[in-house]
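A short worksheet on the structure shown next.
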Amino acid sequence: MSATESRPRPLRTIASIVGGLTALVSGLVGSGLLSTDQGSAITGVINAVVVLLGTLGFVLSAERKVTPLSDPRDSAGRALVPSEREGDTW
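Going by UniProt numbering, the first residue of the sequence shown is number 1, and it counts up by one from there.
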């Protein structure tokens, strides 16, 4: 892929949207269309949604890469069992 071809950049897109919304709220507060308390409340909601979506994305992407200790399995679904050879130490 050459440097001139467009690549998907989801983080830049999300950052642009969040930044735009925050700037819009700040502009509305500055122009007097919203009170400072309303602007703070809206910005708080925007931040809460971003944190929630970020946490959800992290959990969904990391969950597939973690082996639970209560029922460990390999990628084919076979149960993982400890080695039974003598002298094996960790």
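Every residue, glycine too, gets a C-beta built ideally from N, C-alpha and C.
Because the structure is a prediction, the values reported are computed rather than measured.
Report the CB separation of V50 from G39 in whole angstroms; it is logged as a contact under 8 Å.
With a beta-carbon spacing of about 17 Å, V50 and G39 fall beyond the 8 Å limit used to define contacts.
Straight-line CA distance for S16 to D71?
One C-alpha to the other measures close to 42 Å.
What is the DSSP secondary structure of R73, counted as helix, strand or coil?
Strand at R73.
V18 and I46 closer than 8 Å at C-beta:
Against a cut-off of 8 Å, the Cβ pair of I46 and V18 comes out as a contact.
In whole angstroms, what separates the C-alpha of T13 from that of S83?
If I take the Cα positions, the gap works out to 48 Å.
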